[in-house]
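Q: Sequential numbering of the sequence shown, starting at 25, is according to the working numbering. Cβ atoms here follow ideal geometry from the backbone N, Cα and C, with glycine treated the same way. Note that the structure is a prediction, hence the values are computed from the model and not measured. Shown below is the structure under consideration.
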Amino acid sequence: MRIRHFFYVMVALLLAIVTVVPASSQSRAVRDRYGRSSTYGDVVEIRLHESGTLEKKMTPEMQKRVRLLHIEGPMDYKDFKFIKKLCERSRCEDSRGKSVDNYIDLELERARIMSSGNGGLLGGHGDRDVLSDALSYASHLRSILLPERLKRIDSGALRGCSHLEEVIMPTGVRTIGDDAFSGCSRLEYITLPEGLERIGSECFNNCGDLKGITIPQSVVEIGDKAFRGTGLKRVKLPYRLEVLGAKAFENTPLTVLNIPATTRITNDDLGTMKKLEEITVENGSRYYTYEDGVLYDNTGAVLLRCPAARSGAFDVPDGVEEIAWSAFSYSQLSSVRIPDGVTKIAASAFNDCPQLRSVNIPASVTTIGEYAFYGCSRLQRVDLAEVRKLGNKAFQDCKALESVVANRLENVPQSAFESCSALTSVELSSRITTIGEHAFKNCKELSHIELPSQLTTLCKEAFENCALTSLELPDKVVTIGERAFKNCKGLTHVSLPDGCLTLNKEAFRECSSLVEIDLGTSLRHIGEHALRETAITRLVLPETVTEVGKKVAEKCKSLSRIECHAIVPPKLDGVSDNKIELYVPAVSVNAYHSAKNWKNFKNILPLE
Numbered sequence: 025m026r027i028r029h030f031f032y033v034m035v036a037l038l039l040a041i042v043t044v045v046p047a048s049s050q051s052r053a054v055r056d057r058y059g060r061s062s063t064y065g066d067v068v069e070i071r072l073h074e075s076g077t078l079e080k081k082m083t084p085e086m087q088k089r090v091r092l093l094h095i096e097g098p099m100d101y102k103d104f105k106f107i108k109k110l111c112e113r114s115r116c117e118d119s120r121g122k123s124v125d126n127y128i129d130l131e132l133e134r135a136r137i138m139s140s141g142n143g144g145l146l147g148g149h150g151d152r153d154v155l156s157d158a159l160s161y162a163s164h165l166r167s168i169l170l171p172e173r174l175k176r177i178d179s180g181a182l183r184g185c186s187h188l189e190e191v192i193m194p195t196g197v198r199t200i201g202d203d204a205f206s207g208c209s210r211l212e213y214i215t216l217p218e219g220l221e222r223i224g225s226e227c228f229n230n231c232g233d234l235k236g237i238t239i240p241q242s243v244v245e246i247g248d249k250a251f252r253g254t255g256l257k258r259v260k261l262p263y264r265l266e267v268l269g270a271k272a273f274e275n276t277p278l279t280v281l282n283i284p285a286t287t288r289i290t291n292d293d294l295g296t297m298k299k300l301e302e303i304t305v306e307n308g309s310r311y312y313t314y315e316d317g318v319l320y321d322n323t324g325a326v327l328l329r330c331p332a333a334r335s336g337a338f339d340v341p342d343g344v345e346e347i348a349w350s351a352f353s354y355s356q357l358s359s360v361r362i363p364d365g366v367t368k369i370a371a372s373a374f375n376d377c378p379q380l381r382s383v384n385i386p387a388s389v390t391t392i393g394e395y396a397f398y399g400c401s402r403l404q405r406v407d408l409a410e411v412r413k414l415g416n417k418a419f420q421d422c423k424a425l426e427s428v429v430a431n432r433l434e435n436v437p438q439s440a441f442e443s444c445s446a447l448t449s450v451e452l453s454s455r456i457t458t459i460g461e462h463a464f465k466n467c468k469e470l471s472h473i474e475l476p477s478q479l480t481t482l483c484k485e486a487f488e489n490c491a492l493t494s495l496e497l498p499d500k501v502v503t504i505g506e507r508a509f510k511n512c513k514g515l516t517h518v519s520l521p522d523g524c525l526t527l528n529k530e531a532f533r534e535c536s537s538l539v540e541i542d543l544g545t546s547l548r549h550i551g552e553h554a555l556r557e558t559a560i561t562r563l564v565l566p567e568t569v570t571e572v573g574k575k576v577a578e579k580c581k582s583l584s585r586i587e588c589h590a591i592v593p594p595k596l597d598g599v600s601d602n603k604i605e606l607y608v609p610a611v612s613v614n615a616y617h618s619a620k621n622w623k624n625f626k627n628i629l630p631l632e
């Protein structure tokens with residue numbers, strides 16, 4: 025009897041600390057994986073009477089061995105902070121001190137989340153929310169059963185839980201916040217509760233193993249990039265859905281997308297969906313229509329998206345007036361016929377179409393957006409007959425492009441034809457005044473180009489690494505940008521127009537065949553290294569020069585003579601080789617002997 029009495033006393037004492045709570049039917053699946061493991065003490069069930077006391081309730085031995093943690097009662101940010109710490113432990117031990125799987129399954133069905141103003145961790149709605157970022161990056165959390173009274177899962181609540189495999193939500197959840205499960209890469213399937221209304225932006229972003237999801241009919245909004253980077257191959261959108269966020273299914277293997285009649289896609293932006301084969305729209309849509317699996321606006325005037333997995337030839341239907349942003353991006357089409365009547369090809373419309381060999385651009389097209397044909401590596405020829413506005417990088421990396429005709433273009437924008445390595449023929453409008461940065465950079469087969477007569481500005485790196493063998497600069501050019509002709513090894517002779525005022529740094533650097541350059545009669549500024557590593561034998565600086573950058577003619581091995589015709593010594597930032605003979609106006613010899621950096625020349629002689 026004494027032994028039995030002692031046993032009851034000990035049990036009563038233990039229950040004061042740890043209370044066993046019956047497992048719910050929802051959590052039974054989690055418990056089943058343990059079998060009889062509770063005999064080793066890896067199941068810990070705790071009833072809290074006061075929030076913030078979880079750490080005190082768990083002994084160091086419990087913390088080492090727990091694998092299933094069941095909590096009942098009030099919890100606040102301190103308790104979640106402790107759980108995160110627990111999930112970051114380096115190892116887990118059984119009762120014999122042997123290492124076992126270091127995972128934690130968390131049951132919070134009967135927990136109550138308490139409000140707290142500390143650190144902005146809680147949304148401030150009492151026990152109706154999960155703490156914002158409450159368990160984010162809990163590295164060894166494997167499953168979680170959320171509280172039955174939960175109405176909202178706040179932003180980032182379980183973000184980055186890279187080992188999380190199972191989430192069980194109560195039926196009362198109405199909103200899942202932005203980024204709530206982002207980066208939970210081991211989640212494979214999840215059932216969202218009936219009554220859910222909103223799925224936040226990037227909610228399941230980069231959940232790479234997520235292959236199945238049940239979205240209830242109650243959902244009216246899915247946020248931007250909500251399922252981006254998941255493994256979803258098919259999904260059924262709820263018929264009441266009003267908003268499908270931009271790029272909601274980007275970078276997924278989704279093959280078919282059926283858009284409900286009530287749904288509007290944010291910015292009409294589906295994002296990159298390389299496996300998409302077909303798009304359909306339910307009858308009665310106020311926003312969209314479709315034909316042969318291709319998505320249009322409700323008037324049919326704007327082609328919004330051709331599925332990227334389509335291949336072969338495609339004829340844009342008559343009546344289309346605009347090809348929208350990213351409409352054909354990443355498609356496998358080999359040719360596209362655009363009808364007369366289309367006036368605009370928007371940004372990224374044909375971005376990275378690796379099989380595209382031909383596309384006709386009718387005379388009705390006046391605007392082509394940035395990145396429109398970026399990376400179309402097999403496209404061979406484009407006729408921009410009436411195009412007036414061309415976006416940055418519109419044809420960058422079109423490596424097979426051989427010929428460009430642009431007779432109406434207003435300006436050549438930044439990187440418009442950069443790295444078009446097969447480009448040999450370019451016909452530009454005479455009205456062009458500016459050739460933008462990197463416009464023809466790395467066009468390694470471009471040996472000749474007739475520059476527009478109205479050209480005033482050649483921007484930075486405009487023709488760097490080109491095969492130019494001759495260069496005739498129009499009379500109106502006033503500025504030659506940094507590295508504009510750098511490494512054009514075929515150039516031998518260059519004459520700057522008399523109106524040119526600025527030759528920026530490294531403009532002709534490494535033009536190793538350049539033996540002669542005429543700097544004109546009006547040049548004022550020469551940038552550093554402007555003629556470095558050229559083959560010039562004589563450098564003549566006009567009398568208008570006011571500033572000369574350092575080491576302008578560094579490593580010009582054939583250079584033997586420099587003439588500076590300026591009466592007043594220009595500002596000189598540095599001397600490349602002070603042994604070269606310097607010739608200056610006779611009246612200024614003494615001034616050059618006294619001027620900073622000029623005085624370092626060994627031989628300063630009068631000009632004849």
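Rounding to the nearest angstrom, what Cα-Cα distance links Asn416 and Ser618 in this structure?
A: For the purposes of this step, residue 416 is taken as residue 392 along the sequence shown, with counting starting at 1. For the purposes of this step, residue 618 is taken as residue 594 along the sequence shown, with counting starting at 1. Distance between the alpha carbons of Asn416 and Ser618 is about 49 Å.
Q: Could you tell me whether the Cβ atoms of Val411 and Arg432 are closer together than 8 Å?
A: For the purposes of this step, residue 411 is taken as residue 387 along the sequence shown, with counting starting at 1. For the purposes of this step, residue 432 is taken as residue 408 along the sequence shown, with counting starting at 1. In this structure, Val411 sits near Arg432, with a CB-CB distance shorter than 8 Å.
Q: When you compare each of Asn489, Ser353, Gly224, Glu587 to Glu534 by their alpha carbons, which one comes out closest?
A: Position 510 of the sequence shown, counted from the first residue, corresponds to residue 534. Considering only alpha carbons, the answer is Asn489.
Q: Can you tell me where the alpha helix (DSSP H) holding Ala615 begins and where it ends?
A: As a working note, residue 615 is residue 591 in the sequence shown. In the DSSP assignment, Ala615 falls within the unbroken alpha helix (DSSP H) covering 613-618.
Q: Expressed to the nearest angstrom, what Euclidean distance is found between the alpha-carbon atoms of Leu182 and Cys330?
A: By one-based count along the sequence shown, residue 182 stands at place 158. By one-based count along the sequence shown, residue 330 stands at place 306. Distance between the alpha carbons of Leu182 and Cys330 is about 35 Å.
Q: Please determine, among Leu220, Phe205, Gly219, the residue with the shortest C-alpha to C-alpha distance to Tyr213.
A: Start at 1 with the first residue of the sequence shown, and residue 213 comes out as number 189. Tyr213 has its Cα closest to that of Phe205, out of Leu220, Phe205, Gly219.
Q: Counting Cβ pairs, one atom from each stretch, are 3 or more of them under 8 Å apart for the region 361-370 and the region 383-401?
A: yes
Q: With the cut-off set at 8 Å, would you say Thr195 and Pro217 are in Cβ contact?
A: Position 171 of the sequence shown holds residue 195. Position 193 of the sequence shown holds residue 217. Yes, the pair counts as a contact, with Cβ atoms nearer than the cut-off.
Q: Starting from Asp103, trace the alpha helix (DSSP H) in both directions and tell me its first and last residue.
A: Working through the sequence shown from its first residue, we reach residue 103 at position 79. Taken as a continuous stretch (DSSP letters only), the alpha helix (DSSP H) holding Asp103 covers 101-110.
Q: Within the same chain, show all residues whose beta-carbon is closer than 7 Å to that of Ala491, passing over the 5 residues directly before and after it, in chain order.
A: Position 467 of the sequence shown holds residue 491. Its chain contains Lys468, Glu469, Leu470, Ser471, Gly514 as the residues whose beta carbon lies nearer than 7 Å to that of Ala491, once the 5 sequence neighbours on both sides are disregarded; these appear in chain order.
Q: Suppose you measure from the CA of Leu497 to the CA of Asn621; what does that come to, to the nearest Å?
A: Residue numbering aside, residue 497 sits at position 473 when the sequence shown is read from its first letter. Residue numbering aside, residue 621 sits at position 597 when the sequence shown is read from its first letter. So the alpha carbons of these two residues sit roughly 32 Å apart.
Q: Would you mind working out which of Thr448, Glu442, Cys444, Val436 sits nearest Ser454, comparing C-alpha positions?
A: Translated into the one-based positions of the sequence shown, residue 454 becomes position 430. Checked all of Thr448, Glu442, Cys444, Val436; the closest Cα to Ser454 is Val436.
Q: Please state the DSSP three-state secondary structure of Ala351.
A: For the purposes of this step, residue 351 is taken as the residue at position 327 of the sequence shown. Note: Ala351 maps to coil in three-state DSSP.
Q: Between Lys626, Gly184, Val608, Tyr101, which has its C-alpha nearest Glu632's C-alpha?
A: Numbered from its first residue, the sequence shown carries residue 632 at position 608. Ranking Lys626, Gly184, Val608, Tyr101 by Cα distance to Glu632 puts Val608 first.
Q: Compare the C-alpha of Gln241 against each of Arg198, Phe273, Gly255, Glu85 and name the closest.
A: For the purposes of this step, residue 241 is taken as residue 217 along the sequence shown, with counting starting at 1. Taking only the C-alpha atoms, the option nearest Gln241 is Arg198.
Q: In this structure, does DSSP put Asn282 in helix, strand or coil?
A: As a position in the sequence shown, residue 282 is number 258, starting the count at 1. DSSP places Asn282 in strand when its eight states are reduced to three.
Q: Is it right to say Ser353 is buried, meaning 16 or more other beta carbons lie within 10 angstroms of its own, or is it exposed?
A: Here residue 353 corresponds to residue number 329 of the sequence shown, with the count starting at 1. Buried is the call here.
Q: If you drop the 5 nearest sequence neighbours on each side, which residues of the same chain put their C-beta closer than 6 Å to that of Ala590?
A: Numbered from 1 along the sequence shown, position 566 holds the residue referred to as residue 590. Correct list, in chain order: Glu567, Val569.
Q: Write down the C-beta distance between Ala559 and Ser582 rounded to the nearest angstrom, noting that I regard them as a contact closer than 8 Å.
A: For this step, residue 559 is matched to residue 535 along the sequence shown. For this step, residue 582 is matched to residue 558 along the sequence shown. With 8 Å as the limit, Ala559 and Ser582 qualify as a contact, their Cβ atoms being about 5 Å apart.
Q: Just to check, is the beta-carbon of Cys377 closer than 7 Å to a non-hydrogen atom of the ligand GTP?
A: The ligand GTP is not part of the structure shown, which contains no ligands of any sort.
Q: What does Cys588 pair with, by DSSP beta-bridge criteria?
A: As a first step, residue 588 must be located in the sequence shown, where it is residue number 564. Paired residues: Leu565.
Q: Output the distance between the C-alpha atoms of Arg166 and Met82, rounded to the nearest integer angstrom.
A: Residue mapping note: residue 166 aligns to position 142 of the sequence shown, counting from 1. Residue mapping note: residue 82 aligns to position 58 of the sequence shown, counting from 1. When rounded, the distance between both Cα atoms is 20 Å.
Q: Is the beta carbon of Gly269 sitting closer than 8 Å to the one on Asp248?
A: Along the sequence shown, one-based indexing puts residue 269 at 245. Along the sequence shown, one-based indexing puts residue 248 at 224. Against a cut-off of 8 Å, the Cβ pair of Asp248 and Gly269 comes out as a contact.
Q: Please go through the same chain and pick out, in chain order, the residues whose beta-carbon is closer than 6 Å to the beta-carbon of Ser61, but skip the five residues on each side of it.
A: Position 37 of the sequence shown holds residue 61. Because Ser61 carries a pLDDT of 37, less than 50, the predicted location of this residue cannot be relied on, and the following value inherits that uncertainty. Contacts found: none.
Q: Drop a sphere of 10 angstroms on the beta-carbon of Lys80, count the other beta-carbons inside from all chains shown, and report buried for 16 or more, exposed for fewer.
A: Taking the sequence shown and counting its residues from 1, the one referred to as residue 80 is at position 56. Burial call: exposed.
Q: Does the separation of the CB atoms of Asp125 and Cys116 fall below 8 Å?
A: Working through the sequence shown from its first residue, we reach residue 125 at position 101. Working through the sequence shown from its first residue, we reach residue 116 at position 92. Yes, the pair counts as a contact, with Cβ atoms nearer than the cut-off.
Q: Could you check what DSSP says for Ala430 in three-state terms: helix, strand or coil?
A: Taking the sequence shown and counting its residues from 1, one reaches residue 430 at position 406. Look at Ala430 here: in three-state DSSP terms it is strand.
Q: Quick check on DSSP: helix, strand or coil for Asp321?
A: By 1-based counting over the sequence shown, the position of residue 321 is 297. In this structure, Asp321 counts as strand in the three-state DSSP scheme.
Q: Considering Arg183, what are the terminal residues of the beta strand (DSSP E) in which it resides?
A: For the purposes of this step, residue 183 is taken as residue 159 along the sequence shown, with counting starting at 1. Note, Arg183: premise wrong, no beta strand (DSSP E); not H, not E.
Q: If you follow the beta strand (DSSP E) that Lys498 is part of, which residue opens it and which one closes it?
A: Position 474 of the sequence shown, counted from the first residue, corresponds to residue 498. Contrary to the premise, residue 498 reads as Pro rather than Lys in this sequence. Neither: Pro498 is in no beta strand (DSSP E) and is coded neither H nor E.
Q: Which residues does DSSP list as the beta-bridge partners of Gln404?
A: Walking along the sequence shown from the start, residue 404 turns up at place 380. Looking at the DSSP assignment, Gln404 forms no beta bridge with any residue, so it has no partner.
Q: Where does Gln356 sit, in a helix, a strand or coil, going by DSSP?
A: Residue mapping note: residue 356 aligns to position 332 of the sequence shown, counting from 1. DSSP places Gln356 in strand when its eight states are reduced to three.
Q: Taking Ile107 as the reference, which of Arg120, Arg91, Val360, Ser119 has the closest Cα?
A: Against the sequence shown, residue 107 aligns to sequence position 83. If we check each option's Cα against that of Ile107, Arg91 comes out closest.
Q: Bridge partners for Leu595 per DSSP, in chain order?
A: Walking along the sequence shown from the start, residue 595 turns up at place 571. Before going further, note that residue 595 is Lys rather than Leu in the sequence given. Per DSSP, Glu571.
Q: Report the three-state DSSP secondary structure of Leu78 (helix, strand or coil).
A: Reading the sequence shown from its first residue, position 54 is the one you call residue 78. In this structure, Leu78 counts as helix in the three-state DSSP scheme.
Q: Ala135 by DSSP, collapsed to three states: which one?
A: Counted from its first residue, the sequence shown places residue 135 at position 111. Ala135 falls in the strand class under three-state DSSP.
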